[in-house]
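What follows is one structure encoded as C-alpha coordinates, with my remarks underneath.
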Amino acid sequence: MTRIDFYHLQKAPLEQVLPKLCEKAYATGKRIKILLGNAERVEFINSLLWTYNEESFLPHGSKRDGFAEEQPIFISADETNENNAVMLILADGAQMDVEKLNAYERVLNIFDGNDETALNNARAYWKEIKTLGGELHYWQQNASGSFEQKV
(Lines of atoms letter the chains of each structure in order from A and count residues from 1; the text may use other names and numbers.)
(Lines give C-alpha, C1' and ligand atoms only; values in the text may rest on other atoms or scores of the structure.)
Protein backbone atom coordinates (compact mmCIF):
# COMPACT_ATOMS: atom_id res chain seq x y z
CA MET A 1 0.00 0.00 0.00
CA THR A 2 1.09 3.53 -0.70
CA ARG A 3 2.47 5.65 2.13
CA ILE A 4 0.20 8.65 2.70
CA ASP A 5 1.31 11.60 4.81
CA PHE A 6 -1.21 14.18 6.00
CA TYR A 7 0.23 17.65 6.64
CA HIS A 8 -1.97 19.71 8.95
CA LEU A 9 -1.26 23.42 8.38
CA GLN A 10 -1.86 25.67 11.35
CA LYS A 11 0.84 28.36 11.44
CA ALA A 12 2.20 28.75 7.92
CA PRO A 13 0.05 28.86 4.77
CA LEU A 14 0.31 26.51 1.82
CA GLU A 15 2.34 29.11 -0.09
CA GLN A 16 5.14 28.80 2.47
CA VAL A 17 4.95 25.05 3.08
CA LEU A 18 4.49 23.69 -0.45
CA PRO A 19 7.83 24.91 -1.86
CA LYS A 20 9.74 23.38 1.07
CA LEU A 21 7.96 20.04 0.71
CA CYS A 22 8.59 20.14 -3.05
CA GLU A 23 12.31 20.74 -2.46
CA LYS A 24 12.50 17.69 -0.20
CA ALA A 25 10.51 15.55 -2.62
CA TYR A 26 12.54 16.70 -5.62
CA ALA A 27 15.77 15.86 -3.77
CA THR A 28 14.72 12.18 -3.88
CA GLY A 29 15.11 12.24 -7.67
CA LYS A 30 11.56 11.07 -8.21
CA ARG A 31 8.92 12.68 -10.41
CA ILE A 32 6.20 14.61 -8.62
CA LYS A 33 2.62 15.49 -9.49
CA ILE A 34 0.95 18.38 -7.64
CA LEU A 35 -2.82 18.02 -7.82
CA LEU A 36 -4.75 21.13 -6.85
CA GLY A 37 -8.40 21.36 -5.91
CA ASN A 38 -9.20 24.03 -8.51
CA ALA A 39 -7.81 25.01 -11.89
CA GLU A 40 -7.62 28.70 -11.02
CA ARG A 41 -4.75 28.05 -8.59
CA VAL A 42 -2.57 26.07 -11.01
CA GLU A 43 -0.82 29.05 -12.58
CA PHE A 44 -0.53 30.80 -9.21
CA ILE A 45 1.32 27.78 -7.75
CA ASN A 46 3.33 27.43 -10.97
CA SER A 47 4.51 31.02 -10.60
CA LEU A 48 5.09 30.63 -6.87
CA LEU A 49 7.50 27.74 -7.38
CA TRP A 50 9.59 29.95 -9.71
CA THR A 51 9.68 32.95 -7.39
CA TYR A 52 9.47 31.80 -3.74
CA ASN A 53 13.24 31.85 -3.21
CA GLU A 54 15.96 33.38 -5.38
CA GLU A 55 18.45 30.76 -4.15
CA SER A 56 16.36 27.73 -5.16
CA PHE A 57 15.46 26.06 -8.42
CA LEU A 58 12.60 23.61 -8.78
CA PRO A 59 12.11 22.50 -12.39
CA HIS A 60 8.38 22.28 -12.95
CA GLY A 61 5.55 23.22 -15.23
CA SER A 62 1.86 23.07 -15.98
CA LYS A 63 -0.27 22.36 -19.02
CA ARG A 64 0.31 25.93 -20.21
CA ASP A 65 4.07 25.27 -20.33
CA GLY A 66 3.67 22.09 -22.36
CA PHE A 67 5.97 19.06 -22.39
CA ALA A 68 4.19 17.52 -19.40
CA GLU A 69 5.96 14.18 -19.81
CA GLU A 70 9.34 15.93 -19.40
CA GLN A 71 8.48 17.92 -16.27
CA PRO A 72 10.05 16.60 -13.03
CA ILE A 73 7.25 18.39 -11.16
CA PHE A 74 3.91 18.83 -12.91
CA ILE A 75 1.08 20.97 -11.53
CA SER A 76 -2.57 20.57 -12.52
CA ALA A 77 -6.13 20.21 -11.33
CA ASP A 78 -6.53 17.07 -13.45
CA GLU A 79 -5.97 13.59 -11.98
CA THR A 80 -4.11 12.38 -15.06
CA ASN A 81 -0.49 11.51 -14.29
CA GLU A 82 0.96 13.44 -17.24
CA ASN A 83 4.61 13.23 -16.14
CA ASN A 84 4.57 9.62 -14.87
CA ALA A 85 5.11 10.78 -11.30
CA VAL A 86 5.63 8.37 -8.42
CA MET A 87 4.98 11.02 -5.76
CA LEU A 88 1.69 12.89 -5.48
CA ILE A 89 1.06 16.10 -3.57
CA LEU A 90 -2.59 16.93 -2.90
CA ALA A 91 -3.28 20.56 -2.00
CA ASP A 92 -6.02 23.19 -2.04
CA GLY A 93 -8.67 20.61 -1.23
CA ALA A 94 -7.69 18.15 -3.95
CA GLN A 95 -8.60 14.54 -3.31
CA MET A 96 -8.24 11.53 -5.53
CA ASP A 97 -10.27 8.35 -5.48
CA VAL A 98 -8.59 6.21 -2.80
CA GLU A 99 -7.99 3.26 -5.15
CA LYS A 100 -6.05 5.55 -7.53
CA LEU A 101 -3.59 6.50 -4.79
CA ASN A 102 -1.93 3.09 -5.18
CA ALA A 103 -0.52 4.28 -8.51
CA TYR A 104 1.95 6.37 -6.47
CA GLU A 105 4.71 5.32 -4.09
CA ARG A 106 4.00 8.21 -1.76
CA VAL A 107 1.24 10.79 -1.32
CA LEU A 108 1.42 14.05 0.63
CA ASN A 109 -1.97 15.50 1.52
CA ILE A 110 -1.65 19.13 2.66
CA PHE A 111 -4.69 20.71 4.30
CA ASP A 112 -5.48 23.94 6.11
CA GLY A 113 -6.36 23.17 9.72
CA ASN A 114 -7.74 26.69 10.15
CA ASP A 115 -10.48 25.98 7.61
CA GLU A 116 -13.23 23.87 9.20
CA THR A 117 -14.35 22.42 5.85
CA ALA A 118 -10.79 21.46 4.88
CA LEU A 119 -10.23 19.91 8.30
CA ASN A 120 -13.44 17.86 8.13
CA ASN A 121 -12.65 16.74 4.56
CA ALA A 122 -9.16 15.64 5.63
CA ARG A 123 -10.59 13.66 8.55
CA ALA A 124 -13.08 11.91 6.29
CA TYR A 125 -10.37 11.17 3.72
CA TRP A 126 -8.11 9.75 6.45
CA LYS A 127 -10.91 7.45 7.63
CA GLU A 128 -11.64 6.29 4.09
CA ILE A 129 -7.99 5.47 3.43
CA LYS A 130 -7.63 3.77 6.82
CA THR A 131 -10.55 1.41 6.14
CA LEU A 132 -8.66 0.19 3.07
CA GLY A 133 -5.53 -0.51 5.10
CA GLY A 134 -3.48 2.48 3.98
CA GLU A 135 -0.14 3.33 5.59
CA LEU A 136 -0.99 6.67 7.16
CA HIS A 137 1.23 9.27 8.82
CA TYR A 138 0.08 12.52 10.39
CA TRP A 139 2.20 15.67 10.65
CA GLN A 140 1.04 18.79 12.49
CA GLN A 141 2.66 22.21 12.57
CA ASN A 142 3.94 23.30 15.96
CA ALA A 143 4.10 26.88 17.27
CA SER A 144 7.25 27.62 15.25
CA GLY A 145 5.71 26.30 12.03
CA SER A 146 7.81 23.12 11.90
CA PHE A 147 6.10 19.77 11.43
CA GLU A 148 5.98 17.15 14.15
CA GLN A 149 4.79 13.64 13.49
CA LYS A 150 1.90 12.67 15.74
CA VAL A 151 1.08 9.10 16.67
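Here my numbering is used: position 75 in the sequence shown is 184, and no number is missing along the way.
Ideal placement from N, C-alpha and C gives every residue a C-beta, glycine not left out.
Every value quoted in this text rests on a predicted model; they were computed, and no experiment measured them.
*Give the C-beta separation of Ala-148 and Ala-177 to the nearest angstrom, bearing in mind that I take them to be a contact with Cβ-Cβ under 8 Å.*
About 15 Å; that fails the 8 Å criterion.
*Who does Gln-258 pair with in a DSSP beta bridge?*
Answer is Trp-248.
_Let me confirm a value: Gly-170 is counted as buried when at least 16 other C-beta atoms fall within 10 Å, else exposed. Which label applies?_
The residue is buried, with at least 16 neighbouring Cβ atoms inside 10 Å.
*Alpha carbon of Asp-201 to alpha carbon of Glu-244, nearest angstrom*: Their Cα atoms are separated by approximately 22 Å.
*Can you give the beta carbon distance from Asn-251 to Ala-231, rounded, assuming they're within the 8 Å contact cut?*
Not a contact, Cβ separation roughly 18 Å.
_Whole-angstrom distance between Asn-190 and Ile-141, CA atom to CA atom_ = Roughly 9 Å separates the two Cα atoms.
*asked:* Taking 6 Å as the limit between beta carbons, can you name the residues of its chain near Ala-233, skipping five residues before and five after?
replied: Around Ala-233: no qualifying Cβ.
*So, helix, strand or coil for Arg-140, using DSSP?*
Three-state DSSP puts Arg-140 in coil, outside helix and strand.
*Return helix, strand or coil for Asn-218, following the three-state DSSP convention.*
Correct three-state label for Asn-218: strand.
*For the alpha helix (DSSP H) containing Tyr-234, list its first residue and its last residue.*
Per DSSP, Tyr-234 belongs to the alpha helix (DSSP H) from 225–240.
*List the whole-angstrom C-beta distance separating Leu-144 from Leu-197, where the pair is believed to meet the contact cut-off of C-beta under 8 Å.*
Right, the Cβ-Cβ distance comes to about 6 Å (below 8 Å), so this counts as a contact.
*Please list the segments of the alpha helix (DSSP H) lying wholly inside the region 142–198, counting only runs of 4 or more residues, in order along the chain.*
Complete alpha helix (DSSP H) runs here, min 4: 151–160.
*Span separating the alpha-carbon of Lys-259 from that of Tyr-116*: Distance between the alpha carbons of Lys-259 and Tyr-116: 11 Å.
*asked:* Quick check on Ala-134: does DSSP put it in helix, strand or coil?
replied: It is helical.
*Nonlocal neighbours in the same chain, by C-beta distance under 7 Å from Trp-235, ignoring five residues either side*: The answer, listed in chain order, is Phe-115, Leu-245.
*Whose C-beta lies closer than 8 Å to the C-beta of Asn-162 among residues of the same chain, with five residues either side of it excluded?*
Correct list, in chain order: Pro-128.
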